Structures are given as C-alpha cells and as structure tokens.
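379 is the number of the first residue of the sequence shown in our numbering; add one for each residue after it.
Beta carbons are placed, not taken as given, at the ideal position from N, Cα and C, and that holds for glycine.
Everything numeric in this text was worked out from a predicted model, so none of it was measured.
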Amino acid sequence: MNKNFKGFDPDGFMLLELNKFNDSKDFYETVKEDIKRKIITPMRQLALDLSDELIAIDDKMVLIPTKMVSRIRRDTRYSKNKEMYRSNVWCMFMRNKHEWRFMPCMWIEVFPDRYTYGVGLFHAQPSDLEIFRQILSENTDEFRYALRQMDIVGAVPFIDSFKKNKPGAENIDEDIRNFYNSRYFLFSYTGTDMSKLFDGKIEEELIYALRAFTPMYKFLLKVTEEIYRKGE
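Laid out in structure tokens, this is it:
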C-alpha cells in the first residue's frame with residue numbers, strides 16, 4: 379500500500395490553539411480549511427496507512443478514516459464546559475461503539491505539545507465486568523503476558539477500581555488485583571518529541587506500539603466475544 383501520511387504541519391497546532399482561544403464560530407470558519415489540511419487530513423491519512431495492520435488485529439474494526447478521527451467542534455450538550463473547540467485531535471481504533479459493548483480500543487491523540495497512544499477498556503456495564511473477572515481469573519498468565527508487552531513500549535496503566543474487593547478477589551494475586559477490581563483501565567504512552575509528528579516517523583513508532591498492544595486488545599476482545607455469545 380502506498381503511504382499517504384507524510385506528517386503533520388506544525389502550523390496546524392498553532393491554529394488549533396488559536397481557534398480554541400478565540401472560541402468563535404466566525405473565527406473557526408476562517409481557519410477551518412487550514413486546520414483540516416494541516417491536521418485532520420494527515421490524521422485520516424495515518425489511519426488509512428495503518429488499516430492493513432489494524433484489520434490483522436481485528437477484522438471487525440471500523441476502518442473508515444472519517445469515522446475514526448475526532449472533530450474539532452466539541453459536543454457541549456451534556457458538559458459543564460461550554461468551550462466550543464478543542465486543541466487536540468485523536469484517532470480511535472475500535473469496533474462500532476453502537477453495536478458492541480465492553481469496548482476495547484486503541485488510539486493515538488495529538489496535542490500542541492505532546493502525543494499519546496494507548497489501549498484500554500471503555501463502556502463497561504456491571505454484567506460485562508463479571509465476565510471480565512471470570513476470564514481474568516481463568517487466564518492470568520495470558521493477562522500477565524499482555525502486561526509485559528505494555529512495559530516494552532513504556533505504556534503506563536491508569537486504573538479506576540472499586541473501593542471494595544469484588545467476589546473472588548482473594549484468589550487473585552496482588553499484582554493484578556487492581557485490574558480484577560476495576561471499573562475500567564487503560565495503558566497510555568506520552569511522547570514529547572514533536573519532530574516525529576512533523577516528519578512522519580510517528581507512524582513507524584505507532585506500528586510497533588500497536589503490535590505490542592495486540593495481546594491486551596485481544597484479551598479484552600475475548601471478553602467482548604463472550605458477552606456477545608451469551609447475548610448480553
């Protein structure tokens with residue numbers, strides 16, 4: 379496949395910050411096409427370049443770039459923060475969120491001063507978490523292997539756990555008990571070498587990371603498939 383991604387334009391990040399600062403629809407209209415050309419289109423091109431890599435990980439993943447990349451305009455309907463625009467842009471690698479629950483997801487997100495990428499678990503309901511705990515308790519070696527892959531790329535865990543142990547937690551080793559008791563968790567790497575975004579080298583780094591994230595993504599996908607099998 380021909381590579382479409384050549385990097386982001388540094389001026390695009392300046393425009394994102396300026397647009398957020400002005401917080402005006404009229405101003406946005408004056409910079410919209412430049413932001414699209416310098417940030418949004420390159421992110422969609424990056425998603426397109428990664429499609430072969432991603433479909434090999436999960437053949438049900440949404441791989442339409444326009445559906446993978448975030449919008450600049452924020453949805454403020456349910457938020458106390460009424461700022462209309464954001465200065466960050468992300469691309470999500472996941473299945474259709476309207477069709478699947480317990481959604482494992484991988485992503486890359488770019489900011490004016492840094493970038494992050496990671497893998498995590500979102501949209502879990504109580505019945506989903508019960509299945510997750512069962513699968514974790516039966517596959518601790520597989521989960522630990524996935525954790526070791528996180529260390530390889532320097533992805534740091536962020537865990538939101540219930541305050542009280544869930545049933546069966548006493549049988550889980552302490553090093554993974556927080557995951558067993560979690561509402562959700564994710565692993566994220568933060569980079570500050572912005573030159574990788576500008577010269578396109580972030581693509582090679584991201585491919586390496588996606589391969590490291592694959593065991594964790596597939597472990598979580600095993601839970602998704604079990605939920606689907608049970609008709610939850």
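Going by C-alpha positions, K410 is about 14 Å away from P420. With a cut-off of 8 Å on Cβ pairs, the region 385 to 400 is not in contact with the region 542 to 553, counting fewer than three such pairs.
Residue D436 holds the alpha-carbon nearest to the alpha-carbon of F597 among I418, I530, D436. Look at R422 here: in three-state DSSP terms it is helix.
As summarised for the region 524 to 567, the continuous beta strand (DSSP E) elements at least 3 residues long and confined to that stretch are 534 to 539, given in chain order. Distance from the CA of A425 to the CA of E508, rounded to the nearest whole angstrom, comes to 33 Å. Annotation for Y495: the continuous beta strand (DSSP E) segment containing it runs 493 to 500. Rounded to whole angstroms, the Cβ separation of L584 and I486 is 6 Å, and the two are in contact under 8 Å. Apart from the 5 residues on each side of it in sequence, Q527 sits with its Cβ closer than 6 Å to the Cβ of A590, P593 in its chain, given in chain order.
Y567 sits close to G532, with the two beta carbons spaced by under 9 Å.
For F471, no alpha helix (DSSP H) encloses it; the enclosing beta strand (DSSP E) starts and ends at 467 to 471. Rounded to the nearest whole angstrom, the C-alpha separation of L599 and K475 is 13 Å. Around the Cβ of N459, a 10 Å sphere holds fewer than 16 other Cβ atoms; the residue is exposed. Between D529 and G385 a beta carbon distance of about 28 Å is seen, past the 8 Å cut, so the two are scored as non-contacting.
For S465 and A524, the gap between their C-alpha atoms comes out near 32 Å. Nearest neighbour of V440 by Cα position, chosen from S402, N397, M484, F399, turns out to be M484. Boundaries of the beta strand (DSSP E) around E487: 481 to 488. The DSSP-derived three-state label of R589 is helix.
With distances taken between CA atoms, I413 lies nearest to I450 out of I450, P482, K445.
If you draw a straight line from the Cα of K438 to the Cα of R473, it comes to about 6 Å. In this structure, I554 is the residue among I580, L564, I554 with its C-alpha nearest to the C-alpha of L514. Listed in chain order, the non-local C-beta contacts of R561 below 6 Å within the same chain comprise D538, local neighbours out to five positions each way being set aside. Listed in chain order, the non-local C-beta contacts of T494 below 6 Å within the same chain comprise E487, S566, T568, local neighbours out to five positions each way being set aside. If only complete runs of 4 or more residues are kept, the region 401 to 445 shows the alpha helix (DSSP H) at 403 to 413, 419 to 427, 429 to 435, in order along the chain.
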